[in-house]
Amino acid sequence: ARNALSTWFAFHLTNTEYQWPFWSHWDSFVSLANENDSRKVFLKGVMDGMVSYARGDIIKELALPEGSPLSALVNDVGVGFVSDLLGDGDISALSHLTRETLERIATKQPADALVQFLLEPHEEVTFEIN
């Protein structure tokens, strides 16, 4: 249940632009000596969940208060899946397809047009993956 809740909460925080006024209430749990303490494991799960959607540096900058001890629980090594797909600098075929899909969603294209676009062959992506 703890893992499911931390995963859901991470998703919720990401979708609400990290609006959570109670970050500081959790600061003391970071320094708990017992790494298996349920509260610390929950917080680590929340941070790991958020990092699956955005890079660690973004989480630290946008979500957590400056100097927050919770920053120690954010995995800087892992890059979020969506952030990785979008890429930086050179745009790969997969990054380009992801950006185009997100743009179509953001501009509220009709669902059938979006489905048709996604079902079209995207040979450049197939080539890049192979």
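Going from the sequence shown to this note's numbering is simple: count from 1 and add 275. Think of the CB as a built atom: it goes at the ideal place given N, C-alpha and C, for glycine as much as any other residue.
The region 281-294 makes contact with the region 313-321; the number of CB pairs closer than 8 Å reaches 3 or more. Taking S306 as reference, the option from T376, Y328, S343 with the minimal CA-CA separation is S343. Of the other Cβ atoms in all chains shown, fewer than 16 fall within 10 Å of the Cβ of R277; this residue is therefore exposed. Counting other Cβ atoms within 10 Å of its Cβ, T291 stays below 16 and is therefore classed as exposed.
For S313, the three-state secondary structure derived from DSSP is helix. For T289, the enclosing alpha helix (DSSP H) has its first and last residue at 277-290. Taking the Cα positions, A347 is about 43 Å away from P385. At least 8 Å separates the beta-carbon of V326 from that of K335.
Residue state for P396 is assigned as coil, using DSSP reduced to three classes.
Sequence-distant Cβ neighbours of A338 in its own chain, meaning closer than 8 Å and more than five residues away, are L288, Y293, W295, W298, M325.
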